[in-house]
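Here numbering that gives the first Met the number 0 is used: the first residue of the sequence shown is 0, the next is one more, and so on.
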Amino acid sequence: MKMAQAKSLQAYAKLSSADTLTNMNSTKAGLTEAEVKSRLAKYGKNVIAATKKQSLLKVFLTNFTSMMAILLWVAGLIALMTGTPELGIAIWLVNLINGVFSFWQQYRAQQATSALQKMLPSYVKVMRAGQTNKILAADLVPGDIVLLNSGDNIPADGRLLSADSLEVNQSSLTGESITVNKETDPQTDAALKNAGKYAEANLVYEGTSVVNGSGSFVVLATGMHTEFGQIASLTTSVAAVKSPLQKELDILTQQLSLIAIVIGALFFVAAVFFVGYPWPKAFIFALGMIVAFIPEGLLPTVTLSLAMAVQKMAKKNALVKHLNSVETLGETTVICSDKTGTLTKNEMTIEKVWLPTADYTVSGTGYEPNGIVTKAGKKIDLAQEHDLLQLIRIASLCNDSAIEEKENHYQLVGSPDEGSLLILAAKADYDLRDERKNYPRYNELPFDSKRKRMSTIHQNNGQNYVFTKGGITEVLSCCQSYLKNGQVIPLTEAVKKEILAKNDDLAKEGLRTLAFADRILQTTTNLTIENCEQNLTFVGITASQDPPRENVMEAIQRCHDASIRIIMVTGDYGLTAKSIARKIGIVKGADVRVITGDDLANMSDSKLKENLTHEIIFARVAPEQKYRVVSLLQSLGEIVASTGDGVNDAPALKKADIGVAMGITGTDVAKEAADMILTDDNFTSIVNAIEEGRTVYNNIRKFLLYILNSNMPEAVPSLLFLLSKGMIPLPLTVMQILTIDLGTDMLPALGLATEQTEPGTMKKPPRKRTEHLLTKQIILKAFAWYGLLASIISIGAYFFVNHLNGWPTTALATDGTVYAMATTMTLAAIVFCQIGAVFNCRTAEQSLFKIGFFSNKRILGGICFEVILIACLMYVPFLQKLFGTTGIQLQDWLFLICIPLPLIIIEEIRKKMIRKA
């Protein structure tokens, strides 16, 4: 037995149905129970293997083993070694809380996605041992005979044995909404090449569905051996890699660790050789400075920023499965987008009707009858348009589909092309119900892929009619006349050329055309194709298109403004894809390269890379080819987001830096492979998500700037102590430094993580891969601007207190109440400098007053918290003892309160100068 599990399905398309049954060791009566049991044991269940996932424990532990998390574990250990167990425990708690919070967000997002196995139908009808049985789809085996009816999901790959007007929707595999007409005849090599992958007329595939008609097929492949399964296996073979944000945080951790260690080493050397500290004491002092320079609040800030973005995006119809995916969206440089169901609605809509005597325009999109038919800009009266009435009569009655209204929602049952004809009739105020009574159908000549026509026979007032629709060439070849103002006129070669030329014009616009014809029958006997489809009268043409989604053109323009390329990767024809791409603004230039799947198969990687530097569209491509396009773009240094909804999109979705699946029309395989799911299937939501991702990165930078600000005034007091060889007592103790890092700075910093998007965010290009979170500009701004001002103010406060108590007449206090008051004022001055800094860090160039001084409630809450905390350190006895602080006087508080405002005003002046420049 030559089983299809190990053989190309296309080989069976060339065989007759009888030869296929022989090859599969089966018969039209089906397999016996013994044979089924044997094959089930050999080939296994007809199921798609679930994607292997990490255990919850492993996912949980991952949140505690990043480079930054490890750095914090080490910092906590150092704190314990320096004799400050409270600090060490506090650092570890920050790490623990952040890890748990991050895991919970990720777990909730993953729970909201669908499981892969839901795509499979539960039960199928089969013929076994001459009897019709209903069995679980999982129990199908190669050689089974499956019976199909309209509406059925196809549970396995197979070769058709019978097909009665059978039409199959294969969009889950191909991504295209055009239904495929099926037949049983063997296919030639030329026919297979012309049809392309998945469009073989006599093969059916798992995961697709029957739109019209009925049939039966012999199962050739099941489970992971089906095309559906092979695509699913591609998604499992893609190795997970770190996101750009994870890589960037690793780099940042290395940078900050190096800075902290270098500073610690310098302070150690200075403490030994300048101050004369014993080596053990100098080592503990240096370790304390290292801990002080580690940003303990970075991980909670990043996690909160990402989590807040996830919540915002969920409200904007984008469900993110992994927190780090949010920021990756912000770095996206290329979007590889499927056409059908992503950029377009996946709802065929008639836009134009052409008759030899008139042109009509049809408004409205989709399957809702909201629109009108106009002629020369005016709404038509169908009763006065006799030729148009006849075309609509043919289109509506030579039709096997229906539009159903369910809870104020219109749903197509049948073929998208036929559905669009019914909506055209409704828009023209055609009374379909009465017409069906007046023109009852009593025979049908089903569509087949050879003649590319469908005809129905009707009766009206004792007269018999043939109504025909199909491809323009195929219909016109049967016509001897045409309809003109209600009169039947002989069809001349000149008129035929005019009709074909008009059809070509419509095709160049990317429109899909159908032709309509009719004739009066003189007899009701011997109703064959040859007798009915001859001497027809040509009536007209309809031109339809899958319309673009609402706001998609605006979203595409926003991508162009943000220097984000959009590459259409579709299973549709090149001409149609190019027309749609130009219409919605994806391509604009004259040199647009359309690469087909066949072109791609014969193209080297170097040639493809060259083509990728131009405006480009990929048409009629297979799943593995989408995967290849994404891979090569990544090799060129691009951050790639790949969108799609079909099974065919899954490998590319998994491979891409960000895979974006459609939530409504998307298959479960696509959702499983994706990093983000659009709950409204709207391309605009992707652009909103990209904007949110950029905001996250900007907010992390704001946090970095803010926490580095305080490092300078934290380090300067210790530097003065060392450079003066101990003549200037430590203006700020290590415990007080850590109070700033883990206490007063934490909540305002977290508030920065929730800042709103700044104007102009989507007018800038994505950040360069070589540009890191910590830049020279941030270091200069933090240390040489904000940090320098804060250092001057805080050291000034230290000397001011000493001055009020006799300095320089008396020496600087080294202990006692005056020393405690001086260090307390240094600490408090840094905290109030940071209040000014947190407002200044809210924007890069925009005026603080334009975005709203009090608009970020979390920052205001954080400021209130740090003021209360510093007051507690001053006045609560056990905290005074722990941190070496004391109470201050009223004039000292007035001094502190005045610090933030000048800092904000100075920064506003600087930003205004930058905006003018």
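Glycine included, each C-beta is placed from N, C-alpha and C at the ideal position.
query	result
For Ile616, collect the residues of the same chain with a Cβ closer than 6 angstroms to its Cβ; drop the 5 residues on either side in sequence, then sort them by chain order.	Met567, Ala576, Lys577, Ala580, Val593
For Ala281, which three-state DSSP category applies?	helix
I'd like the list of long-range same chain contacts for Gly43, defined as Cβ closer than 7 angstroms, with 5 residues on each side in sequence excluded.	Gly222
Take every Cβ of the region 503-520, pair it with every Cβ of the region 456-475, and state whether three or more of those distances are shorter than 8 angstroms.	yes
Considering only the beta carbon of each residue, do Gln735 and Thr884 sit closer than 9 angstroms?	yes
Whose CA, out of Ser793, Val372, Leu431, lies closest to the CA of Arg392?	Leu431
Would Leu788 pass as a contact of Gly861 if the rule is Cβ separation under 9 angstroms?	no
Leaving out the 5 sequence neighbours to the left and right, which residues in its chain are closer than 6 angstroms to Asp644 when beta-carbon positions are compared?	Gly340, Met661, Thr664, Gly665, Ala669
Using 8 angstroms for Cβ pairs, my map puts Leu951 next to Ala542. What's the rounded Cβ distance?	In the structure displayed, the chain extends from 0 to 916; residue 951 sits before or after that span and is not available.
Just tell me which of Ala783, Glu326, Phe102 has its CA closest to the CA of Asn698.	Glu326
Can you have a look at Phe284 and say buried or exposed, based on whether 16 or more other CB atoms are within 10 angstroms of its CB?	buried
Among the candidates Glu403, Leu513, Thr738, Thr683, whose CA atom is the shortest distance from the CA of Leu881?	Thr738
Between the beta-carbon of Thr131 and the beta-carbon of Leu146, is there less than 9 angstroms?	yes
For Ala198 and Asp151, what's the separation of their Cα atoms in angstroms?	18 angstroms
Nearest CA to the CA of Ala35: which residue from Leu139, Ala12, Gly485, Val629?	A quick correction: the sequence has Val, not Ala, at residue 35. Closest by alpha carbon: Leu139.
Can you tell me whether Ala17 is buried or exposed, with buried defined as 16 or more other CB within 10 angstroms of its CB?	exposed
Since Lys654 is in the alpha helix (DSSP H), which residue starts that stretch and which ends it?	649-654
Just checking, does the region 686-704 make contact with the region 304-317 on the three C-beta pairs under 8 angstroms criterion?	yes
Tell me, to the nearest whole angstrom, how far the beta carbon of Ile144 is from that of Val217; I am working on the premise that it is less than 8 angstroms.	6 angstroms
Near Ala828, which residues of its chain fall below 6 angstroms by C-beta distance, leaving aside the five closest residues on each side in sequence?	Ile792, Ser793, Ala796
How big is the Cα-Cα spacing for Ser562 and Ala649?	26 angstroms
Within a Cβ cutoff of 8 angstroms, which residues of the same chain sit near Phe782, ignoring the five residues on either side of it in sequence?	Leu707, Asn710, Met711
Any contact of the region 870-878 with the region 849-861, i.e. 3+ C-beta pairs under 8 angstroms?	no
What residue range is occupied by the uninterrupted beta strand (DSSP E) comprising Ser400?	Note, Ser400: premise wrong, no beta strand (DSSP E); not H, not E.
Please classify His224: is it buried, with 16 or more other beta-carbons within 10 angstroms of its beta-carbon, or exposed?	buried
Are there 16 or more other CB atoms within 10 angstroms of the CB of Ala394, so buried, or fewer, so exposed?	buried
How would you write the range of the beta strand (DSSP E) that Trp353 sits in, first residue to last?	348-354
Would you mind reading off the limits of the beta strand (DSSP E) that contains Gly157?	156-168
What is the rounded straight-line gap between the Cα of Gln755 and the Cα of Glu609?	39 angstroms
Which residue from Ala220, Arg909, Leu160, Leu56 puts its Cα closest to that of Ala137?	Ala220
Please state whether DSSP places Ile456 in a helix, a strand or coil.	strand
Based on the DSSP secondary-structure assignment, which residues constitute the bridge partners of Met567?	Ser336, Ile616
Could you tell me the alpha carbon to alpha carbon distance between Glu492 and Cys478, rounded to whole angstroms?	11 angstroms
DSSP three-state label for Thr694, please.	helix
What does DSSP give as the partner residues of Tyr366 in its beta bridges?	For Tyr366, which the question treats as bridged, DSSP gives no partner whatsoever.
Could you tell me which residues DSSP pairs with Pro547 in its beta bridges?	Thr343
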